[in-house]
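J.: Quick note on full-length UniProt numbering: the sequence shown kicks off at 1 and runs consecutively.
Sending over a structure as structure tokens; questions will come in a sec.
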Amino acid sequence: MLATERKKLILDYLDQNHTASTQTLCDLTGASLATTRRDLAQLEEKGLLTRTHGGAQKPERSAAPEKDKSNYFQVFSSIKMADDQFECKNAIAQKSIDLIHSGDILFVGAGFTGSLLCRHLNKSDKKGITVVTTNITGALELASNHDIGVFLLGGNIHLGSNHIETLDESIIQNLRKLYFDKLFFTIDGADLEYGYSITNRAQLPLYNYLLQNVKDIYMLLNESKFNKRAFTHLCSLDSIPNVITNKNAPSQYIEYFKEHDVNVYFA
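Structural data, given as structure tokens:
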């Protein structure tokens with residue numbers, strides 16, 4: 001059955017029954033549990049349903065202006081990514097929320113995982129949080145939340161494959177006036193010998209500054225980044241004290257982190 005046919009069956013079922021378990025939807029479409037979960041995630045991104053613990057439900061209808069606003073802030077819901085990448089990055093973004101507390105001052109890096117973190121943070125019950133970022137996509141995800149302050153650093157616009165960010169040499173000067181409790185960011189490659197690396201050299205001054213001036217640092221490291229080297233070396237693997245990764249991350253890296261007192265959080 002095609003994905004479009006599965007999703008139509010799911011939506012038709014919810015129109016009639018309002019709620020459904022994941023297993024019920026698997027039986028309905030004949031799809032696997034993993035495929036059904038991906039379908040639900042994609043439908044939720046479009047605002048067509050709301051995922052619940054163990055299933056999904058028909059979204060509550062709000063007044064037209066609120067609906068328009070909700071759609072506006074889901075600005076990257078149409079971005080197409082490989083399913084395995086989305087699941088891994090989304091799980092890491094969700095796990096990150098457990099490490100954020102009301103009142104925290106955060107710097108959230110650019111990239112799709114950072115944008116997903118902002119999306120989940122927007123849906124959380126955290127209050128009194130300030131988010132500073134170069135991630136335009138993530139900032140828009142948070143803009144409708146009155147309990148979270150958002151400070152977008154200015155600069156030249158850079159369009160990535162699945163996010164939009166600002167990059168400018170003057171960003172460092174603006175950061176010197178700011179304090180952060182926690183930094184959440186990602187890179188393009190992790191290698192036992194080469195360390196962490198990034199593709200865009202323009203990000204290097206920003207991340208070098210943050211690594212020296214943030215209280216707690218968290219690397220958002222999905223499984224596709226291991227055993228890769230990008231163009232620009234950032235730092236050694238033991239320079240980042242906290243790593244959030246997937247449960248099937250390569251064992252040699254997990255051992256390395258343990259030997260070098262790096263805290264590992266599994267999504």
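The beta carbon of each residue, even a glycine, is placed where N, CA and C say it ideally should be.
1) Is K95 closer than 8 Å to F112 when the C-beta atoms are compared?
2) F257 by DSSP, collapsed to three states: which one?
3) Roughly how many angstroms separate the alpha carbons of L237 and N162, rounded to a whole number?
4) Okay, do the segment 166-183 and the segment 208-223 touch, 3+ Cβ pairs below 8 Å being the bar?
5) Going by DSSP in three states, F86 sits in which element: helix, strand or coil?
6) What are the boundary residues of the beta strand (DSSP E) that K182 is part of?
7) Would DSSP call D147 helix, strand or coil?
8) Taking the Cβ atom as the reference point for each residue, do E184 and G114 lie within a distance shorter than 8 Å?
9) When you compare only the Cα positions, how much space is there between N17 and Q57?
10) Looking only at its chain, what residues have a beta carbon closer than 7 Å to the beta carbon of N174, apart from the 5 residues adjacent to it on each side?
11) On the DSSP bridge assignment, give the partners of E165 in chain order.
12) Give me whichever residues DSSP pairs with G195 in a beta bridge.
13) Taking the Cβ atom as the reference point for each residue, do L221 and I198 lie within a distance shorter than 8 Å?
14) Quick check on the burial criterion: 16 or more other C-beta atoms within 10 angstroms. Buried or exposed for S102?
15) How big is the Cα-Cα spacing for I136 and H120?
16) Got a sec? Which residues, its chain only, sit under 7 Å from S124 by beta carbon, not counting five neighbours each side?
17) What does the Cβ neighbour count give for R6, buried or exposed, with the cut at 16 atoms within 10 Å?
18) How long is the line joining the alpha carbons of A240 and N227, rounded to whole angstroms?
19) Who are the near neighbours of D168 in its chain, counting only those whose CB is closer than 7 Å to its CB and skipping five residues on each side?
20) When burial is assigned at 16 or more other CB atoms within 10 Å of the CB, is K8 buried or exposed?
21) Taking the continuous alpha helix (DSSP H) assigned at R176, which residues delimit it?
22) If you draw a straight line from the C-alpha of Y253 to the C-alpha of A190, how long is it?
T.: A quick look at the data gives this:
1) By one-based count along the sequence shown, residue 112 stands at place 112. By one-based count along the sequence shown, residue 95 stands at place 95. Not in contact: F112 and K95 (Cβ atoms no closer than 8 Å).
2) Locating residue 257 in the sequence shown gives position 257, where the first residue counts as 1. F257: helix per DSSP, three-state reduction.
3) What you label residue 237 is simply residue 237 of the sequence shown in a count that begins at 1. What you label residue 162 is simply residue 162 of the sequence shown in a count that begins at 1. So the alpha carbons of these two residues sit roughly 25 Å apart.
4) yes
5) Along the sequence shown, read from residue 1 onward, the residue named residue 86 stands at position 86. In this structure, F86 counts as helix in the three-state DSSP scheme.
6) The sequence position of residue 182 within the sequence shown is 182, counting from 1. Per DSSP, K182 belongs to the beta strand (DSSP E) from 182-185.
7) As a working mapping, residue 147 is identified with position 147 in the sequence shown. Residue state, collapsed to three classes: coil.
8) Along the sequence shown, one-based indexing puts residue 184 at 184. Along the sequence shown, one-based indexing puts residue 114 at 114. Note that residue 184 is Phe in the sequence shown here, rather than Glu. For F184 and G114, yes; Cβs fall inside 8 Å.
9) As a working note, residue 17 is residue 17 in the sequence shown. As a working note, residue 57 is residue 57 in the sequence shown. C-alpha separation (whole angstroms): 9 Å.
10) In the sequence shown, residue 174 corresponds to position 174, counting from 1. Once the five neighbours on either side are set aside, the close Cβ partners of N174 are L153.
11) Counting from one through the sequence shown, the residue named residue 165 turns up at place 165. Answer by DSSP bridge pairing, in chain order: N135, H158.
12) Walking along the sequence shown from the start, residue 195 turns up at place 195. DSSP output for G195 lists D191 as bridge partner(s).
13) Here residue 221 refers to the residue found at position 221 of the sequence shown. Here residue 198 refers to the residue found at position 198 of the sequence shown. No, they are not a contact pair.
14) Taking the sequence shown and counting its residues from 1, the one referred to as residue 102 is at position 102. Counting the other CB atoms within 10 Å of its CB gives S102 a total below 16, which places it among the exposed residues.
15) Sequence index remark: in the sequence shown, residue 136 carries index 136 (1-based). Sequence index remark: in the sequence shown, residue 120 carries index 120 (1-based). Cα to Cα, the separation comes out at about 16 Å.
16) Locating residue 124 in the sequence shown gives position 124, counting from the first residue. Within the same chain, S124 has close Cβ partners I97.
17) As a position in the sequence shown, residue 6 is number 6, starting the count at 1. Under this definition R6 is a buried residue.
18) Residue numbering aside, residue 240 sits at position 240 when the sequence shown is read from its first letter. Residue numbering aside, residue 227 sits at position 227 when the sequence shown is read from its first letter. Going by the sequence as given, residue 240 is Ile instead of Ala. For I240 and N227, the distance between alpha carbons rounds to 17 Å.
19) Against the sequence shown, residue 168 aligns to sequence position 168. If you ignore the 5 residues before and after D168, its C-beta comes within less than 7 Å of the C-beta of G154, G155, N156, all in its own chain and listed in chain order.
20) Here the question's residue 8 lines up with position 8 in the sequence shown. So K8 counts as exposed.
21) Locating residue 176 in the sequence shown gives position 176, counting from the first residue. That residue, R176, is in no alpha helix (DSSP H); it is neither H nor E in DSSP.
22) Residue numbering aside, residue 253 sits at position 253 when the sequence shown is read from its first letter. Residue numbering aside, residue 190 sits at position 190 when the sequence shown is read from its first letter. Straight-line Cα distance between these residues: approximately 9 Å.
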